[in-house]
């Protein structure tokens with residue numbers, strides 16, 4: 020597949036932030052396209068300065084003289100991979116306190132340095148942070164699908180969109196969204212993913228923390244990949260790879276910090292009893308998930324359960340990508356009760372309105388597919404906007420009061 024230049028859905032939010040905020044940080048997985056996006060944002064500024072800390076000379080200069088590194092230019096200073104020299108953040112704070120002009124700094128990070136208490140405190144009120152994930156399917160298609168506003172607004176109708184044949188679905192799952200991997204054939208994509216994981220384990224994680232058992236990280240990722248549809252059971256994961264609980268919590272946090280996994284919190288309400296509080300963990304990219312599961316297209320074609328697992332994670336990340344670029348903010352969660360009521364994804368708006376989503380790989384939908392959404396609807400009453408089953412067919416269908424089936428392809432089809 021040959022890609023044309025891809026317009027990132029996050030761009031308008033970054034432009035708006037740069038117009039009124041002294042510093043903007045773009046975080047996300049390595050190789051998600053952060054550097055390309057930042058270069059595009061500053062391309063029209065003749066005074067802008069772009070510096071990457073992947074360059075050893077820049078990195079050494081930043082560590083030896085952090086104050087001098089951030090001062091001087093009159094235009095925007097873009098610093099790529101800021102997590103490699105966190106000592107720059109205090110001089111950046113000082114520079115902003117002296118001159119609070121908007122758009123002074125654009126920072127990128129392949130690790131979530133803003134989660135570190137000393138960093139978040141030093142730049143509080145001075146920085147806006149945005150997450151850039153790998154390409155969404157809508158970005159690859161060059162469209163604005165508008166599915167998130169449609170899902171959370173009452174009165175909107177299910178969109179018409181093409182059916183998704185099984186072969187196309189598997190192609191999208193196997194391709195994923197990493198820019199460097201999207202255009203490669205399967206065998207070359209596997210080589211790239213091997214090198215990608217190795218680079219993160221051997222460099223990014225090592226830079227972030229002193230991990231004694233780095234060799235266990237691939238096995239831990241594979242264990243998490245096999246459990247993406249279930250709430251996180253730390254005891255089960257730890258025993259499967261031989262990592263003690265005390266170390267496992269730290270490892271999981273680090274995997275989130277480098278954006279290999281995304282935490283999906285548990286939704287809760289006092290109207291529903293015995294809701295599981297454990298989060299799910301989504302793998303950041305469907306091609307990466309398949310790689311960790313050692314699954315190729317042929318296996319997905321034959322194994323419906325595995326296809327459902329990969330598809331659910333894929334949809335979760337597609338929603339996360341669109342939500343990162345959407346405003347106002349909508350929370351993405353999951354729901355499961357001790358009695359087995361489960362909703363794949365729960366979207367909650369700022370006013371408390373709730374939409375439930377179920378994901379099916381089949382091209383047909385049955386009334387039974389809505390049983391958990393019905394439980395959610397009946398418990399929430401007027402807070403419930405709609406329950407949607409995303410399926411591989413091409414027709415929006417009504418199944419009762421605020422219950423609908425929407426085509427899966429509305430995730431990448433123009434509204």
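In my numbering, the protein residues as written are 20 to 434. For each residue, glycine too, the CB sits at the ideal point set by N, CA and C. Just so we're clear, the structure is a prediction, and the values are computed from it rather than from any experiment.
Worksheet item: Any idea if residue 86 is buried or exposed, counting beta-carbon neighbours within 10 angstroms, 16 or more meaning buried?
Response: For the purposes of this step, residue 86 is taken as residue 67 along the chain shown, with counting starting at 1. With fewer than 16 other Cβ atoms within 10 Å, it is exposed.
Worksheet item: Using the rule of at least 16 other Cβ atoms within 10 Å of the residue's Cβ for burial, across every protein chain shown, is residue 233 buried or exposed?
Response: By one-based count along the chain shown, residue 233 stands at place 214. Here residue 233 is exposed: its Cβ has fewer than 16 other Cβ atoms, across all protein chains shown, within 10 Å.
Worksheet item: Any contact of the stretch 40-58 with the stretch 141-148, i.e. 3+ C-beta pairs under 8 Å?
Response: Yes, the stretch 40-58 is in contact with the stretch 141-148.
Item to complete: Using the Cα positions of residue 130 and residue 277, report the straight-line distance between them to the nearest angstrom.
Response: What you label residue 130 is simply residue 111 of the chain shown in a count that begins at 1. What you label residue 277 is simply residue 258 of the chain shown in a count that begins at 1. Taking the straight line from one Cα to the other gives about 4 Å.
Discussion item. Runs of 4 residues minimum, wholly inside the stretch 23-49: which ones carry the alpha helix (DSSP H) assignment?
Written reply: Within the stretch 23-49, the complete alpha helix (DSSP H) runs of at least 4 residues are 30-37.
Worksheet entry | Same chain only: Cβ atoms within 6 Å of residue 50, ignoring 5 sequence neighbours per side | In the chain shown, the residue the question calls residue 50 occupies position 31. The residues are 197, 199.
Discussion item. Check whether the stretch 395-407 and the stretch 378-386 are in contact - that is, three or more C-beta pairs closer than 8 Å.
Written reply: Counting Cβ pairs under 8 Å, fewer than three are found: no touch.
Worksheet item: Which one or two residues does DSSP pair with residue 299 in a beta bridge?
Response: The residue you call residue 299 lines up with position 280 of the chain shown. Partner residues in the beta bridge of residue 299, as assigned by DSSP, are 283.
Fill in: residue 321 classed as buried or exposed, judged by whether at least 16 other C-beta atoms fall within 10 angstroms
Translated into positions along the chain shown, residue 321 becomes position 302. With fewer than 16 other Cβ atoms inside 10 Å of its own Cβ, residue 321 counts as exposed.
Item to complete: May I have the straight-line CA-CA distance separating residue 294 from residue 284, to the nearest angstrom?
Response: Position 275 of the chain shown holds residue 294. Position 265 of the chain shown holds residue 284. In this structure, the alpha-carbon of residue 294 lies about 12 Å from that of residue 284.
Fill in: Runs of beta strand (DSSP E) wholly within the stretch 128-203 (minimum 3 residues, chain order)
Listed in chain order, they are 146-150.
Fill in: Range of the contiguous alpha helix (DSSP H) that encloses residue 85
As a working mapping, residue 85 is identified with position 66 in the chain shown. Per DSSP, residue 85 belongs to the alpha helix (DSSP H) from 85-89.
Practice prompt. For residue 70, I'd like the list of residues in its chain whose CB is within less than 6 Å of its CB, leaving aside the five on either flank, ordered along the chain.
Written response: Here residue 70 corresponds to residue number 51 of the chain shown, with the count starting at 1. Cβ neighbours of residue 70 within its own chain (closer than 6 Å, five residues either side excluded): 77, 98.
Discussion item. Given this structure, state the Cα-to-Cα distance separating residue 25 from residue 111, to the nearest angstrom.
Written reply: Indexing the chain shown from 1 puts residue 25 at position 6. Indexing the chain shown from 1 puts residue 111 at position 92. Linking residue 25 to residue 111 through their CA atoms gives a straight-line distance of about 31 Å.
Worksheet item: Can you name, in chain order, every residue of its own chain whose Cβ lies under 8 Å from the Cβ of residue 339, other than the five neighbours on each side?
Response: As a first step, residue 339 must be located in the chain shown, where it is residue number 320. In chain order, 152, 281, 301, 351 place their CB closer than 8 Å to the CB of residue 339, counting only its own chain and leaving out the 5 sequence neighbours on each side.
Item to complete: Would you mind reading off the limits of the beta strand (DSSP E) that contains residue 211?
Response: What you label residue 211 is simply residue 192 of the chain shown in a count that begins at 1. Looking at the DSSP string, residue 211 is not in any beta strand (DSSP E); the run it does join, the alpha helix (DSSP H), is 205-218.
Practice prompt. Using beta-carbon positions only, say whether residue 251 and residue 297 come within less than 8 Å of one another.
Written response: Locating residue 251 in the chain shown gives position 232, counting from the first residue. Locating residue 297 in the chain shown gives position 278, counting from the first residue. Yes, they are a contact pair.
Item to complete: Express the C-alpha separation of residue 389 and residue 54 in angstroms, rounding to a whole number.
Response: For the purposes of this step, residue 54 is taken as residue 35 along the chain shown, with counting starting at 1. For the purposes of this step, residue 389 is taken as residue 370 along the chain shown, with counting starting at 1. Rounded to whole angstroms, residue 54 to residue 389 spans 43 Å at the Cα level.
Practice prompt. Find out if the Cβ-Cβ distance for the pair residue 182, residue 411 is shorter than 8 Å.
Written response: Working through the chain shown from its first residue, we reach residue 182 at position 163. Working through the chain shown from its first residue, we reach residue 411 at position 392. Going by C-beta atoms, residue 182 is nearer than 8 Å to residue 411.
Worksheet entry | Residue range of the unbroken alpha helix (DSSP H) whose run includes residue 262 | In the chain shown, residue 262 corresponds to position 243, counting from 1. For residue 262, no alpha helix (DSSP H) segment is defined, and its DSSP state is neither H nor E.
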